C-alpha cells in the first residue's frame, strides 16, 4: 500500500481536527439522541429538524482571534410540542502554519448559551404547589448567570417543601431539618421522606448559606459553580417526584379502586331483570 507523503498526513489531521471541533461545538447534531427540554420527549434528531448557522464575525480589535459564532436550531418531533430549541456557541478561528501551507481551524466554544427555552427547568405537575414550582423555575433560569443565587433559591424551595409536605414550620431551616430527622428516626415522617433525603437537604442548607450570608472574613470567597448548582436543582426534581408526584399517583390509584368498588356494589344492589 503506498505511503502518503508526510505533508499530506499533516493536512488530513488538521482537517480532521477542524471537523471534530465543529461537531463538538454543540451537543446536538444530526442523528444524535436528544431529549426535548420542553416536553422531555426522547428522539433522534433528523435532518429536517435541525439547522446550524456558522458565521465568521468580521470585527477587528477583539481579544478573540477572529470570533466565530455557531447558532443551532432544533424543533421537537413530538406533535403535541413542536417547540423550538435555540443555542449559540462563541469560539475563535486559529491559523496554523504547516509545511503544506496555512490552515484554519475552529476552537471549541469558549462560551455557549441556550437562548430557547429560557431555562433548563422541566415541566412540573400541578400536584407540586405553584410557589415551589416558581422557585424551582427561577433557580434554573439563573443557574449559569449566578450559581450562588440559584443555590440560595433552591434552599428556599426545599424549606418550603418541608413546611408544606411535612407540616413542619419553625423559624429556622436548621431547626426544621432537626425535627424532620427526628420524625424519620421515629418512623413518623410522611411517606417518601427518607434518611438520605434529609441529609441531602441539610447539605443544601449549608451550600445555600454561601449565597445567603457573607462570610465573617469578607476576603474569604467560597464559590458555587453552575454544575454544583445543577446538582441541587436535580435534588429538588427528585424530591418533587418522590414526595409530591408519588403521593399524587398513590391517591389517584386508591381513588380508582374506590370508584371500581362503588360501581360493583351499585351493580350488585341493582334489581335483576324480572324482580320487583
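Residue numbers (the working numbering): 22 to 297.
We put the CB at the ideal spot given by N, CA and C, even for glycine.
Predicted, not measured: the structure shown is a model, and the values here were computed from it.
Taken in chain order, the unbroken stretches of alpha helix (DSSP H) that lie wholly in the segment 106-186 and span 4 residues or more are 151-162 and 168-186. The residue from 65, 215 and 152 with its alpha-carbon nearest to that of residue 99 is 65. Taking a C-beta distance under 8 Å as the contact criterion, residue 261 and residue 96 do not qualify as a contact pair. Per the Cβ contact rule, the segment 241-259 is in contact with the segment 168-188 (3 or more Cβ pairs under 8 Å). A direct Cα-to-Cα measurement between residue 136 and residue 105 gives close to 10 Å. Rounded to the nearest whole angstrom, the C-alpha separation of residue 143 and residue 85 is 35 Å.
A residue is called buried when at least 16 other Cβ atoms come within 10 angstroms of its Cβ; residue 93 meets this threshold and is buried.
For residue 56, the pairing in a beta bridge is given by DSSP as 63. With contacts defined by Cβ atoms closer than 8 Å, residue 202 and residue 219 form a contacting pair. Inter-residue distance for residue 156 and residue 290 is about 51 Å (C-alpha atoms, whole angstroms).
At least 8 Å separates the beta-carbon of residue 184 from that of residue 268. Under DSSP, the beta-bridge partners assigned to residue 90 are 76 and 111. Residue 59 and residue 250 have their C-alpha atoms spaced approximately 20 Å apart. Cβ-Cβ separation between residue 256 and residue 228: approximately 10 Å, too far for a contact (criterion under 8 Å). The three-state secondary structure of residue 222, taken from DSSP, is helix. Taking C-beta atoms as the reference points, residue 225 and residue 176 count as a pair closer than 8 Å. In the three-state scheme derived from DSSP, where H, G and I count as helix and E and B as strand, residue 189 is classed as coil.
In the DSSP annotation of this structure, the continuous segment of the alpha helix (DSSP H) that includes residue 276 starts and ends at 267-290.
If you look at residue 202, you'll find it in the alpha helix (DSSP H) that goes 194-207. In chain order, 51 place their CB closer than 7 Å to the CB of residue 68, counting only its own chain and leaving out the 5 sequence neighbours on each side. A Cβ-Cβ distance of about 27 Å is found for the pair residue 284 and residue 146, leaving them out of contact under the 8 Å criterion.
Take the alpha-carbon of residue 54 and the one of residue 62: they are about 11 Å apart. Nearest to residue 80 by C-alpha distance, out of 121, 110, 108 and 114, is 114.
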